[in-house]
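Step one of this worksheet: look at the structure below.
2 protein chains.
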Amino acid sequence: MTLAISARRLADLLGPSRGTGPAYRELADLIRLLVVDGRVADGTRLPSERELAAALGVSRTTTTRVYAELRGTGLLTSRQGSGSVVSIPISASSASSLIITPDDADTIALTYSAPVGPPGLARAFEIAATKLPGLLTTTGYLPDGLPTLREILAQHYTDGGLPTDPDQIIVTSGAMGAVSLLARALLAPGQRVIVEGASYPHAHESFAAAGGRLTALPIDTTPWNPAALRSALEGSPHRAAYIVPDFHNPTAAVMSDEERVAWARELRRHDVVPVVDESLREINLDGVDLPPVFATYDPRALLIGSSSKSYWGGLRVGWIRAPKAAIMPIVQARMMDDIGSSAFDQLVLAELLTEGGQTAAAGRARLRAARDHLLAELARELPDIKAPCPAGGLSLWVTLPDRMSSRLTTAAGRHGLLLTPGPRFFTHSGSVGERHLRLPYTQSHETLSEAVRRLRIAYDDVVSDIASGPDHGRSDTLELIA
Amino acid sequence: MTLAISARRLADLLGPSRGTGPAYRELADLIRLLVVDGRVADGTRLPSERELAAALGVSRTTTTRVYAELRGTGLLTSRQGSGSVVSIPISASSASSLIITPDDADTIALTYSAPVGPPGLARAFEIAATKLPGLLTTTGYLPDGLPTLREILAQHYTDGGLPTDPDQIIVTSGAMGAVSLLARALLAPGQRVIVEGASYPHAHESFAAAGGRLTALPIDTTPWNPAALRSALEGSPHRAAYIVPDFHNPTAAVMSDEERVAWARELRRHDVVPVVDESLREINLDGVDLPPVFATYDPRALLIGSSSKSYWGGLRVGWIRAPKAAIMPIVQARMMDDIGSSAFDQLVLAELLTEGGQTAAAGRARLRAARDHLLAELARELPDIKAPCPAGGLSLWVTLPDRMSSRLTTAAGRHGLLLTPGPRFFTHSGSVGERHLRLPYTQSHETLSEAVRRLRIAYDDVVSDIASGPDHGRSDTLELIA
Chain A
263 MTLAISARRL ADLLGPSRGT GPAYRELADL IRLLVVDGRV ADGTRLPSER ELAAALGVSR
323 TTTTRVYAEL RGTGLLTSRQ GSGSVVSIPI SASSASSLII TPDDADTIAL TYSAPVGPPG
383 LARAFEIAAT KLPGLLTTTG YLPDGLPTLR EILAQHYTDG GLPTDPDQII VTSGAMGAVS
443 LLARALLAPG QRVIVEGASY PHAHESFAAA GGRLTALPID TTPWNPAALR SALEGSPHRA
503 AYIVPDFHNP TAAVMSDEER VAWARELRRH DVVPVVDESL REINLDGVDL PPVFATYDPR
563 ALLIGSSSKS YWGGLRVGWI RAPKAAIMPI VQARMMDDIG SSAFDQLVLA ELLTEGGQTA
623 AAGRARLRAA RDHLLAELAR ELPDIKAPCP AGGLSLWVTL PDRMSSRLTT AAGRHGLLLT
683 PGPRFFTHSG SVGERHLRLP YTQSHETLSE AVRRLRIAYD DVVSDIASGP DHGRSDTLEL
743 IA
Chain B
263 MTLAISARRL ADLLGPSRGT GPAYRELADL IRLLVVDGRV ADGTRLPSER ELAAALGVSR
323 TTTTRVYAEL RGTGLLTSRQ GSGSVVSIPI SASSASSLII TPDDADTIAL TYSAPVGPPG
383 LARAFEIAAT KLPGLLTTTG YLPDGLPTLR EILAQHYTDG GLPTDPDQII VTSGAMGAVS
443 LLARALLAPG QRVIVEGASY PHAHESFAAA GGRLTALPID TTPWNPAALR SALEGSPHRA
503 AYIVPDFHNP TAAVMSDEER VAWARELRRH DVVPVVDESL REINLDGVDL PPVFATYDPR
563 ALLIGSSSKS YWGGLRVGWI RAPKAAIMPI VQARMMDDIG SSAFDQLVLA ELLTEGGQTA
623 AAGRARLRAA RDHLLAELAR ELPDIKAPCP AGGLSLWVTL PDRMSSRLTT AAGRHGLLLT
683 PGPRFFTHSG SVGERHLRLP YTQSHETLSE AVRRLRIAYD DVVSDIASGP DHGRSDTLEL
743 IA
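Chains A and B, in that order, are what the protein sequence lines are.
Numbering of the first sequence is given in this note's numbering, commencing with residue 263 and proceeding in unit increments.
Numbering of the second sequence is given in this note's numbering, commencing with residue 263 and proceeding in unit increments.
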């Protein structure tokens, strides 16, 4: 498999050029970012130095230095006859630290939105431990899940107005485990999937990895414009639609009742299966009224829930709620996958779901306080950044005063703050999303304050760089910082 | 995607016909078995009644009754213009009960080989619980695994003679989680994978689901004939080879030092990545000398280990040990998969690996006793069945006196004993494997005794059916039992 990226496409991903000066360092940083966050895949052949120089409107000397710098840090290898190829040589821990969690205690990562364990979680583990002996006498082999947990989850849906039998529940390894399992169970290679224009990127990648072709709808005032859906469905046949209707990631939008009605009608009419990620639904921080779950509108819907978002990232238990007729192919697909989820984690979740909701409430209270703290810090330190208050979910979706998200991300990285640039959330990326940044509020107040302090320094760097204009070039400023 | 199976292929899967009498019931049972264990996929169009009758050498009346019976139990739907299509209508619990675990306490399932928790496991959970508080203050988000556990696993390999850095370990969701993750990380659609002729079927399905084309080597005196490998590799380019060299599943064979040397040489020469499932290596019941792990022979090898096999099926923690350069694409693939494994299960495994080995030893002692018990019961009740004693692993691989594995499986099902028919383990199945049966010894002595009692009744049914010969037909007998 040979991957290549055209000069035009790479220039598009790098965003508008700001000058013809020696901007090589910043360009190298931006390319590194594209590789690290997966927008340019390992093994991709980059355009020639000459082509890239032309596409960016910079000198050949600049692109030569960019490639030399990338080769120097081992990110680019030059192969006889095949040009310059991206290769990721870094070790596992440093690689994943760039994607997810920092190696060193000084670095702050706002690149993921998994909550720390809320007060009360340790108690749920203790109670689960008292139930362990009965389970240890079994093989613990639970491809569709612990029966008790399936009953509790079914009752939870039934109580919420959606009659559900335990047979309609499959326990999975987190919400992502559910997404990737459904992607594989549903899709034959080449089948099309409707997705929101912006979303959790790993979910979209999972559908693509299963052979799906993604049709990303535009995001204007809502990610769920029914007219856009109709037009896409009339254009070509689709197999499934993946949506996050409750506190949509990353925008925090909630799909309205009218949109749900319209979507259910269109999807049914075109025989498209709704895959509905409701893993953020329980993180309703302000207790707003949410429309019913999507299966109320379309009984064919496959619903996804998760404890990793509502309780703790280390609790790898999610679930799928499906119509009975859809269950069997999913369980069969799971046998080629991870077979089953942690038996003990399932005991813990069963306890959390029956204790009366106090741990979930404690988790929400903590997140609400963290959200408000982050909003206050941003308002004080970075008033240029517009940060609307989300009613639920785990992160802010802020608007920057300029198209600077990737540059802000690279600048922040130099100050020990890892961010995910806005374009990463857009499926047909290009430089869409450069005005946005997702800022999770799942960490402590102290960490969030320090993160905002570093963000402010990075922001000032980028702004002074922009202010210095094309003649001064961007790299001069950035080299002073590095 | 339309699937279809030819009359010839279906007749091949059903095995040799034994008469022209009203054998419809047994044929229906055999087809049901093929569907339930996945050899005929959900949604497959069956041949016409006329074509199947001709291929089986039975009357058209018989195949008409077979299809009517399958329609009656809801396994076959007749669609206008598209013939008779397999559709699995059964609920999740009853479906998975057929594949894996029984719904009712009276049914015994010898269809899977996950061990119950050994003595000492509860204690490991208790100790892990004391370490939980430190983890709860983090997000528990561990895409490459709990650092402590990775260090312990790396030290384990280093102590065993294979120097390993913690960065070379990725913790996964069981061995199957590792297999499916590697299948997706390694393969582009259409790439070929060398596999043993018989193996754990879900592993092979996982490579196929990732787009791989399987080249199954023949099994003669060994699953690893170097000449067969050489011939396959010279025939066409391959990307990877998946092997189970230690207590191979299902044959319990161990790859010799000479075979490892020859395989490593051939795989290196043809640039084929070894994916080596060592999840049964620690279940060395008789303490036999095993050759070193495969990475000692070929440093490019990706090694797979698991706690689900060595300790408990409910502990969903496996791992991959890889060269540093191979780690990054695997971690990236994992981000589209299940993201991370249960944090608590990882604490438990870390404890089990540092306590000095007593829980693992207790588990092996229990398995050894169960193995010997099953062998003794079989020798007494079913002396016609040849059951060699495996030096390790979780199951016997027995030889039947006739090609009867599928018929024995259907007959046993009527007596409350679920088996996996031999052909299920053969990748290019047909009726290969009809002389074999895998019998796991992971359950209690009482259960194993009762299983052998039921197996004996089923065996007597099948033998008297065979003895009654073609003129009497098989279904007469079987209908009496049903």
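Cβ coordinates follow ideal geometry from the N, Cα and C atoms, glycine included.
Checklist line | Closer than 7 Å at the beta carbon, the chain A residues around residue 439 of chain B | finding: 600
Notebook entry, point to check: Can you tell which of B:303, B:674, B:666, B:345 has its C-alpha closest to the C-alpha of residue 684 of chain B?
Noted result: B:666
Next item on the list: With a threshold of 16 other CB atoms inside 10 Å of the CB of residue 361 of chain B, please say whether the residue is buried or exposed.
Entry: Its pLDDT being 43, under 50, residue 361 of chain B is placed unreliably by the model, and the measurement read from it follows with that caveat. Residue burial annotation: residue 361 of chain B is buried, with at least 16 other C-beta atoms found within 10 angstroms of its C-beta.
Check: Which residues bound the alpha helix (DSSP H) around residue 525 of chain B?
Finding: 519-531
Notebook entry, point to check: Is it right to say residue 648 of chain B is buried, meaning 16 or more other beta carbons lie within 10 angstroms of its own, or is it exposed?
Noted result: exposed
Margin query: Given this structure, state the Cα-to-Cα distance separating residue 504 of chain B from residue 440 of chain B, to the nearest angstrom.
Written below: 12 Å
Check: Hey, does residue 304 of chain B have any beta-carbon neighbour from chain A nearer than 8 Å?
Finding: yes
Checklist line | Integer-rounded CB distance, given that residue 332 of chain B should sit under 8 Å from residue 273 of chain B | finding: Their Cβ separation, rounded to whole angstroms, is 16 Å, which puts residue 273 of chain B and residue 332 of chain B out of contact at 8 Å.
Next item on the list: Consider the Cβ of residue 726 of chain B: report whether some Cβ of chain A lies at a distance smaller than 8 Å.
Entry: no
Check: Going by DSSP, which residues form a beta bridge with residue 609 of chain B?
Finding: Per DSSP, none; premise fails for residue 609 of chain B.
Check: So is residue 625 of chain A in contact with chain B if we call contact Cβ pairs under 8 Å?
Finding: no
Item checked: Which of helix, strand or coil DSSP assigns to residue 707 of chain A -> helix
Item checked: Opening and closing residue of the alpha helix (DSSP H) in which residue 695 of chain A lies -> Taken as a continuous stretch (DSSP letters only), residue 695 of chain A belongs to no alpha helix (DSSP H), as it is neither H nor E.
Margin query: By alpha-carbon positions, which one of A:726, A:682, A:675, A:720 ends up nearest to residue 368 of chain A?
Written below: A:675
Notebook entry, point to check: In or out: residue 265 of chain B buried (at least 16 other Cβ within 10 Å) or exposed?
Noted result: exposed
Check: Cα separation between residue 726 of chain A and residue 695 of chain A?
Finding: 21 Å
Notebook entry, point to check: When you compare only the Cα positions, how much space is there between residue 670 of chain B and residue 498 of chain A?
Noted result: Those two C-alpha atoms are separated by around 49 Å.
Item checked: residue 661 of chain A versus residue 700 of chain A: straight-line alpha-carbon distance, rounded -> For residue 661 of chain A and residue 700 of chain A, the gap between their C-alpha atoms comes out near 9 Å.
Checklist line | Given residue 592 of chain B as reference, the closest of B:636, B:429, B:480, B:687 once Cα atoms are compared | finding: Among B:636, B:429, B:480, B:687, the Cα nearest to that of residue 592 of chain B belongs to B:429.
Notebook entry, point to check: Grouping DSSP H, G and I as helix and E and B as strand, with all else coil, what is residue 306 of chain A?
Noted result: Residue 306 of chain A sits in a strand when the DSSP states are folded into three classes.
Next item on the list: Just mark residue 388 of chain B as buried or exposed, buried being the case when its beta carbon has 16 or more other beta carbons within 10 Å.
Entry: Flag for residue 388 of chain B reads exposed.
Notebook entry, point to check: Does DSSP put residue 370 of chain B in a helix, in a strand, or in coil?
Noted result: strand
Notebook entry, point to check: For residue 745 of chain A, which three-state DSSP category applies?
Noted result: Because chain A in this structure spans residues 263 to 744, residue 745 of chain A falls outside the shown range and cannot be described.
Checklist line | Closest Cα partner of residue 531 of chain A within the set A:677, A:502, A:652 | finding: A:502
Notebook entry, point to check: residue 277 of chain B by DSSP, collapsed to three states: which one?
Noted result: coil
Check: Hey, is residue 374 of chain B's beta-carbon within less than 8 Å of any beta-carbon in chain A?
Finding: yes
Check: So is residue 642 of chain A buried or exposed if we call it buried at 16+ other beta carbons inside 10 Å?
Finding: exposed
Next item on the list: Tell me whether residue 729 of chain B is buried or exposed, calling it buried when 16 or more other Cβ atoms sit within 10 Å of its Cβ.
Entry: exposed
Check: Roughly how many whole angstroms lie between the Cα atoms of residue 543 of chain A and residue 395 of chain B?
Finding: 27 Å
Next item on the list: Please list the segments of the beta strand (DSSP E) lying wholly inside the stretch 567-627 of chain B, counting only runs of 3 or more residues, in order along the chain.
Entry: 580-583
Check: For a contact meaning CB atoms closer than 8 Å, what does residue 399 of chain A contact in chain B?
Finding: The answer, in chain order, is 378, 379.
Check: What residues from the stretch 551-577 of chain A come within 9 Å of chain B, judged by C-beta to C-beta, listed N to C?
Finding: Residues are counted here when their Cβ sits less than 9 Å from a Cβ of chain B; for the stretch 551-577 of chain A these are 570, 574, 575, 576, 577, given in chain order.
Next item on the list: Measure from the C-beta of residue 477 of chain B to each C-beta in chain A and report whether the shortest distance is under 8 Å.
Entry: no
Check: Once you ignore the five residues that flank residue 612 of chain B on each side, which residues in its own chain have a CB closer than 6 Å to its CB?
Finding: Excluding residues up to 5 positions away in sequence, 410, 411, 414 lie with their Cβ nearer than 6 Å to the Cβ of residue 612 of chain B in the same chain.
Check: residue 714 of chain A to residue 285 of chain A, Cα distance in whole Å?
Finding: The alpha-carbon separation between residue 714 of chain A and residue 285 of chain A amounts to approximately 27 Å.
Next item on the list: Find the nearest neighbour of residue 656 of chain B within the set B:555, B:620, B:515, judged by alpha-carbon distance.
Entry: Each of B:555, B:620, B:515 was checked against the Cα of residue 656 of chain B, and the nearest Cα belongs to B:515.
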